[in-house]
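Heads up, the thing below is written out as structure tokens.
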Amino acid sequence: MHFHWLERTQFQDDYGARFHVSSMNFFLRGIRTMIGYITIGTSNLEKATDYWSKLLEPTGATLMGDMGRIAFIGKGMDQPFIAVCTPYDEGDPSPGNGNMVALAMESREQVDQMYARALELGGTDEGEPGERAPTFYGGYFRDLDGNKAVFYKMG
Numbered sequence: 132m133h134f135h136w137l138e139r140t141q142f143q144d145d146y147g148a149r150f151h152v153s154s155m156n157f158f159l160r161g162i163r164t165m166i167g168y169i170t171i172g173t174s175n176l177e178k179a180t181d182y183w184s185k186l187l188e189p190t191g192a193t194l195m196g197d198m199g200r201i202a203f204i205g206k207g208m209d210q211p212f213i214a215v216c217t218p219y220d221e222g223d224p225s226p227g228n229g230n231m232v233a234l235a236m237e238s239r240e241q242v243d244q245m246y247a248r249a250l251e252l253g254g255t256d257e258g259e260p261g262e263r264a265p266t267f268y269g270g271y272f273r274d275l276d277g278n279k280a281v282f283y284k285m286g
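Per this note's numbering, residue 132 is the first one in the sequence shown, and the count goes up by one each step.
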């Protein structure tokens, strides 16, 4: 992604989204943490925004912004977050084969709770919570558009 300075205190990304210069800390932090945000395609932005907002609410995440074709859900622009969007090319969204969003939790109990919440909100099972390796505990699901995700705890 490229950013274009518009004026002294604003810049714009390749998709036309405008940001205030104070948001630059988010992008710099994203470089330090490697993942800044993950974008998930949807055919129904309203339903997807509602699903992911309600799903992640127990973690402290909220709807941080909605620009009409993309919505941002997280704890703050200075931390990694999830964006749900209708595809920029206006084509049909499609979950990638082998692509998955992995969301770290603080405990195995939280993995269990969040996995159950994902299904209660309409997601589908892709693997009940359990130990997959000696230090990895995870519960897999798909969202309303078929995007695969896992809540996990290492250790």
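Positions of the beta carbon are idealized from the N, C-alpha and C atoms, including for glycine. Predicted model only: the values in this text are computed from it and were never measured.
Short Cβ contact (7 Å threshold) for Met198 with Gly205
What you label residue 198 is simply residue 67 of the sequence shown in a count that begins at 1. What you label residue 205 is simply residue 74 of the sequence shown in a count that begins at 1. No.
Nearest-angstrom Cβ-Cβ length linking Phe282 and Met245, presumed shorter than 8 Å:
Within the sequence shown, residue 282 is the residue found at index 151, counting from 1. Within the sequence shown, residue 245 is the residue found at index 114, counting from 1. Phe282 to Met245, Cβ: 4 Å. Contact.
Quick test of your reading: Glu257 and Tyr271, contact by CB under 8 Å. State the CB separation rounded to the nearest angstrom.
The sequence position of residue 257 within the sequence shown is 126, counting from 1. The sequence position of residue 271 within the sequence shown is 140, counting from 1. With 8 Å as the limit, Glu257 and Tyr271 qualify as a contact, their Cβ atoms being about 4 Å apart.
How close, in whole Å, do the beta carbons of Pro284 and Val242 come, if the pair is a contact with beta carbons under 8 Å?
Within the sequence shown, numbered from 1, the residue matching residue 284 stands at position 153. Within the sequence shown, numbered from 1, the residue matching residue 242 stands at position 111. Checking the sequence, you will find Lys at residue 284 rather than Pro. About 5 Å separates the two Cβ atoms, so the contact holds.
Beta-carbon gap between Asn278 and Ile171 smaller than 7 Å:
For the purposes of this step, residue 278 is taken as the residue at position 147 of the sequence shown. For the purposes of this step, residue 171 is taken as the residue at position 40 of the sequence shown. Result yes, Cβ atoms of Asn278 and Ile171 sit closer than 7 Å.
Leaving out five residues on either side along the sequence, give the residues of the same chain with a beta carbon under 6 Å from the beta carbon of Ile169.
To locate residue 169, count along the sequence shown from 1; it is residue 38. If we look at Ile169 and ignore the five residues flanking it on each side, its Cβ neighbours are Ile213, Val232.
Considering only the alpha carbon of each residue, which of Ala247, Ser238, Glu259 lies closest to Asp266?
Position 135 of the sequence shown, counted from the first residue, corresponds to residue 266. The amino acid occupying residue 266 in the given sequence is Thr; Asp does not appear at that position. Closest option to Thr266, Cα to Cα, is Ser238.
When the Cα of Thr173 is compared with those of Ala280, Leu275, Gly286, which residue comes out closest?
For the purposes of this step, residue 173 is taken as the residue at position 42 of the sequence shown. Nearest C-alpha to Thr173: Leu275.
Closest Cα partner of Tyr268 within the set Gly253, Leu187, Leu234
Along the sequence shown, read from residue 1 onward, the residue named residue 268 stands at position 137. Closest option to Tyr268, Cα to Cα, is Leu234.
What do you reckon, are the CB atoms on Leu187 and Thr217 nearer than 7 Å?
Within the sequence shown, residue 187 is the residue found at index 56, counting from 1. Within the sequence shown, residue 217 is the residue found at index 86, counting from 1. Their beta carbons are not under 7 Å apart, which means Leu187 does not touch Thr217 by this criterion.
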